[in-house]
Amino acid sequence: MAQRSWQLVKIGLLNGPNLNLLGTREPTIYGTTTLEEIVSRCGVVGAELGTEVVAMQANGEGQLIDQLHAWRGHVAGVVVNAGAYTHTSLALRDAFAATSLPYVEVHLSNIYAREPERHRSLLAGGAIGVVCGLGPLGYEMALRGLVETLRARR
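The sequence shown runs 128 to 281 under my numbering.
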C-alpha cells in the first residue's frame, strides 16, 4: 500500500544557469547528454519509483527562488543542480530553508576536483545528500536517494 500512496507525490527537478546548454556546453567537463535527456530519464525513474517528476530550468537566481516558493506544498522534495549559484547564492539556500523543502544537491562534474572557488557549496549544509562527478547518472542517484529518504521518514 505504501507504494500506491506515492503515486501522487511529486518531486521537483530544479536546474540553474547554463544547464539549458548541456550537450554542447564544454562537453569535456559536462558530457554530451542534454538537459532534456536528463529530465526524460528522471521522468522514467520517477515513474518506476511511483512519483511524478516536475522539472524547471532558469538562468536567473530569482526565477529559481520563485519556483521553490511555488513548489512549497506541491512537491515532496527537490533534486537541485544550482550550477554556479551553488557557490554564491545565500538567497537560494535561504529559499530552501524558508520553504522547508528537503533536497539533494547534484552536479555532473566533481566540483571538488575543479577550480578552488567551486569547492564550497552554500547549499550542501542543508541537503539530505550531495552527488557529484557521476555525470547524468548522478541525477538518477539523487532522485532515488531522495525518494527513499522521504519514504523512510513517513
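Backbone N, C-alpha and C fix where the C-beta goes; we use that ideal spot for every residue, glycine too.
All figures in this text were calculated on a predicted structure; none of them were measured in a lab.
Beta strand (DSSP E) segment containing residue i, residue limits
i	result
VAL233	230-234
GLY272	Careful: GLY272 lies outside any beta strand (DSSP E), inside the alpha helix (DSSP H) at 264-280.
Residue of the options minimising C-alpha distance to residue i
i	options	result
MET262	LEU141, ASN208, ARG281 and LEU191	According to the sequence shown, residue 262 is Gly rather than Met. The shortest C-alpha separation from GLY262 is found at ASN208.
LEU191	LEU217, ALA240, ARG168 and PRO243	LEU217
ASN237	SER227, ALA224, ALA182 and CYS259	CYS259
LEU149	LEU140, LEU141, GLU163 and LYS137	GLU163
PRO229	HIS196, ASN142 and LEU277	LEU277
GLU232	VAL136, LYS137 and GLY143	GLY143
THR159	ARG281, ALA269 and LEU264	LEU264
ARG152	VAL206, GLY210 and GLY189	GLY210
GLY189	THR178, TYR212 and VAL181	TYR212
GLY187	ALA174, VAL257, VAL206 and LEU146	LEU146
For residue i: DSSP bridge partner residues
i	result
SER169	Note that residue 169 is Cys in the sequence shown, not Ser. In the DSSP output, where bridge partners are listed per residue, CYS169 has none listed.
GLU179	LYS137
Residue i, DSSP secondary structure in three states
i	result
GLN130	Bear in mind that a pLDDT of 47 at GLN130, under 50, signals an unreliable position, so the number given afterwards is only what the model happens to contain. GLN130 falls in the helix class under three-state DSSP.
ILE238	helix
LEU149	coil
GLY253	helix
GLY72	The structure shown does not extend to residue 72, since the chain is modelled only from 128 through 281, so no value can be given for it.
HIS246	coil
Range covered by the alpha helix (DSSP H) that runs through residue i
i	result
TYR157	154-157
HIS196	188-198
ARG220	217-226
Legend entry - the region 162-171 in contact with the region 244-258 per 3-pair CB rule at 8 Å: no
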